[in-house]
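J.:
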Amino acid sequence: MIDFRPLLFVTGLLLAALAAMMLIPATVDWATGDSNWQEFLGAAFLTGFVGVGLSLSNRVTFVEVGVRQMFVLTAMIWLVIATFGALPLYFSDLGLTYTDAFFEAMSGITTTGSTVISGLDSAPIGVLLWRALLQWLGGIGIIVMAIAVLPALQVGGMQLFRMESSESSEKAFPRVAQLALGITSIYVALTAVCAASLWVAGMTGFDSIAHSMTTIATGGFSTSDQSIGHFDSSSIDWIIVVFMILGSLPFVLYLEAVRGRAKALWQDSQVHWFFAIIIICAIAIALWQMLANDVTPYESIRRSTFNVISIITGTGFSTANYYLWGSFAVTCFFLFMFIGGCAGSTSCGIKIFRFQVLVGAVRGQMNRIWQPHGVFVPYYNRRPLPNSVVDAVMNFVFVFALVFALLALALSALGLDFITSVSGAATALSNVGPALGDIIGPSGTFMPLPDAAKWLLSLGMLLGRLELFTILVLFWPAFWRA
2 MIDFRPLLFV TGLLLAALAA MMLIPATVDW ATGDSNWQEF LGAAFLTGFV
52 GVGLSLSNRV TFVEVGVRQM FVLTAMIWLV IATFGALPLY FSDLGLTYTD
102 AFFEAMSGIT TTGSTVISGL DSAPIGVLLW RALLQWLGGI GIIVMAIAVL
152 PALQVGGMQL FRMESSESSE KAFPRVAQLA LGITSIYVAL TAVCAASLWV
202 AGMTGFDSIA HSMTTIATGG FSTSDQSIGH FDSSSIDWII VVFMILGSLP
252 FVLYLEAVRG RAKALWQDSQ VHWFFAIIII CAIAIALWQM LANDVTPYES
302 IRRSTFNVIS IITGTGFSTA NYYLWGSFAV TCFFLFMFIG GCAGSTSCGI
352 KIFRFQVLVG AVRGQMNRIW QPHGVFVPYY NRRPLPNSVV DAVMNFVFVF
402 ALVFALLALA LSALGLDFIT SVSGAATALS NVGPALGDII GPSGTFMPLP
452 DAAKWLLSLG MLLGRLELFT ILVLFWPAFW RA
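Counting in the numbering used here, the sequence shown runs without a single skipped number right up to 483 at its last residue.
1. Could you give the distance in angstroms between the alpha-carbon of Q160 and the alpha-carbon of S346?
2. Using DSSP with H/G/I as helix, E/B as strand and the rest coil, what is R6?
3. For F405 and chain C, any beta-carbon pair shorter than 9 Å?
4. Since T446 and V156 should fall inside the 8 Å C-beta cutoff, what is the C-beta to C-beta distance between them, to a whole number of angstroms?
5. For the region 371-436, list the alpha helix (DSSP H) runs that are entirely contained and at least 4 residues long, ordered along the chain.
6. Return the first residue and the last residue of the alpha helix (DSSP H) that M71 is part of.
7. Taking the alpha carbon of T219 as the point to measure from, which residue in L450, G350 and D30 has its own alpha carbon closest?
8. Give me the Cβ distance between A287 and I302, rounded to the nearest whole Å; I'm assuming they're in contact under 8 Å.
9. Taking 9 Å as the cut-off, decide whether the C-beta atoms of T192 and I246 are in contact.
10. Would M462 pass as a contact of S108 if the rule is Cβ separation under 9 Å?
11. Sorted by chain position, which residues of the same chain lie with C-beta nearer than 7 Å to L254's C-beta, five sequence neighbours on each side aside?
12. In angstroms with no decimal places, state the Cα-to-Cα distance between F103 and Q179.
13. Grouping DSSP H, G and I as helix and E and B as strand, with all else coil, what is R260?
14. DSSP three-state label for I25, please.
15. Once the 5 residues before and after W481 are set aside, which same chain residues still bring their CB inside 6 Å of it?
16. Should G342 be labelled buried (16 or more other beta-carbon atoms within 10 Å of its own) or exposed?
17. Cβ of L430 within 9 Å of Cβ of I441?
18. Any idea what DSSP makes of T192, helix, strand or coil?
19. For V66 and A83, I'd like the C-alpha separation in whole angstroms.
20. Between V376 and V363, what straight-line distance do the alpha-carbon atoms span, to the nearest angstrom?
21. Of the residues L473, L467, K455 and L475, which one's Cα is nearest the Cα of L97?
22. Taking just the CA atoms, how far does L47 sit from A27?
23. For T75 and G54, I'd like the C-alpha separation in whole angstroms.
24. What are the boundary residues of the alpha helix (DSSP H) that includes D439?
25. How far does the alpha helix (DSSP H) with Q136 in it reach, from first residue to last?
26. Measuring straight from C-alpha to C-alpha, what distance separates L469 and I143?
27. Drop a sphere of 10 angstroms on the beta-carbon of Y188, count the other beta-carbons inside from all chains shown, and report buried for 16 or more, exposed for fewer.
28. Do I229 and F318 have their C-beta atoms within less than 9 Å of each other?
29. Hey, which unbroken runs of the alpha helix (DSSP H) at 4 residues or more fall wholly within the region 262-341?
30. For D226, does the three-state DSSP call read helix, strand or coil?
31. Going by alpha carbons, who is nearest to I280 out of L256, V242 and T297?
32. Have a look at F207 and R262 and give me their C-alpha separation to the nearest angstrom.
33. Between S170 and T185, what straight-line distance do the alpha-carbon atoms span, to the nearest angstrom?
34. Give every residue of the same chain whose Cβ lies closer than 7 Å to the Cβ of V391, excluding the five residues on either side of it in the sequence, and list them in chain order.
35. Going by DSSP in three states, F244 sits in which element: helix, strand or coil?
36. Please classify P251: is it buried, with 16 or more other beta-carbons within 10 angstroms of its beta-carbon, or exposed?
Structure follows, in structure tokens:
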């Protein structure tokens, strides 16, 4: 029987911390004379009351948390934070239903970037700040989880990075708390540098802070309905491109760089693959823009690079409605949604390392066809891959495809058109943000969708952010009987 007391205790502490974070936009609203500070204060009081109550009523002496408890705790944290993180949005003057508020909060904490809110340019500053804070918190949360939790749970091949980090980060940071502190310090530093760069490039102080948080988190929430296209600035575009890439690289390698091993970042094969993919994809779309849409070379490179990297990394910012760029571009952007960034980053999707493992497995299978008695071992970063990792990755990709198909079918059953259903399922599972089509494309919002579709997409976001199996295993009867 699972002991829920330590899980509820930790959840209560996190809710108390979330309540404290709500005081930040409340203070900003109060200082700017916006009445929404009262809604934030009320949400903070309710969240803090529940959080403190859970912590006090479930205080236990230190106990070792088992693997099953870690699965439950991981899912519980993301679900509870979205549930209470929706309260300020629900209480605000935006007129959102709780379904809409929960969708927005889940999109924020999972760093997806899909939104149901229109009129962002005139929205209360506290609401815009809260959306950015949710994504920023979700970004640092997923990095720590990907490095400290998922490898231990052996989800989707993530145990590979327990081996990869065993000779480096674990010696430098023997305790998870130290590891989390190191990552958080780098995360904060990158956010600060990004904010300063955007401010120098012409953004207002508030816009630069909000966009720096959602850029490093590869989340994509903006302060304008037109996203980054609102600023129409080449320098802003390129600054965000740089920091979207930085947010999509393994943060544990940044720790290595801080320790004096800067070459670790450039020697990682996952990083090589990531840069190769984004360069090839950006060039392909830029050439299409020049040849098919008669766009000048610089503008085609600028727009293509920004939007391609935004979709591949799962950030979801946009500078143009790429749905209007033609059939080739639309097909490419749909496929880009599934790629994702590197493991141990804020990015989501299938992730680069899994494509590497699959290519290695296929290469070995092809060799065995004409050399049936040969022994071919796939490698990752010049190290042999155990069969358990290859099997876990194959299982993950199969389940990802299956869940995507089921989610798309469910959305279609609710009456949504083909493009909306398929691209909506893809963007939710890959935590990208905008999808394709006139409704939920880069120039639309998810508000017109029925409530049932929003709940399904919220589930898809949670599944994608927590690597599918972390949630699906909770529905496996044997999990609770063990």
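For glycine and all other residues, C-beta sits at the position ideal for the given N, C-alpha and C.
T.: So, from the data block:
1. 15 Å
2. Assigned with DSSP and collapsed to three states, R6 falls in helix.
3. The structure shown has no chain C; it contains just one protein chain.
4. Their Cβ separation, rounded to whole angstroms, is 32 Å, which puts T446 and V156 out of contact at 8 Å.
5. 388-414 and 419-430
6. V68 to G86
7. G350
8. Between I302 and A287 the Cβ distance is about 5 Å, and since that is below 8 Å, they are a contact.
9. no
10. yes
11. A265, L266 and D269
12. Answer to the nearest angstrom: the Cα atoms are 33 Å apart.
13. coil
14. helix
15. none
16. buried
17. no
18. helix
19. 23 Å
20. 14 Å
21. K455
22. 14 Å
23. One alpha carbon belongs to T75, the other to G54, and they sit about 20 Å apart.
24. G438 to I441
25. I126 to A149
26. The C-alpha of I143 is placed about 14 Å away from the C-alpha of L469.
27. buried
28. yes
29. 264-268, 270-293, 298-313 and 328-337
30. In the three-state DSSP reduction, D226 falls in the coil class, being neither helix nor strand.
31. V242
32. 35 Å
33. Residue placement at S170 is poorly supported in this model, since its pLDDT is 40, which falls under 50; the coordinates still yield a value, given next. Whole-angstrom Cα-Cα distance: 14 Å.
34. V358, A362 and P379
35. helix
36. buried
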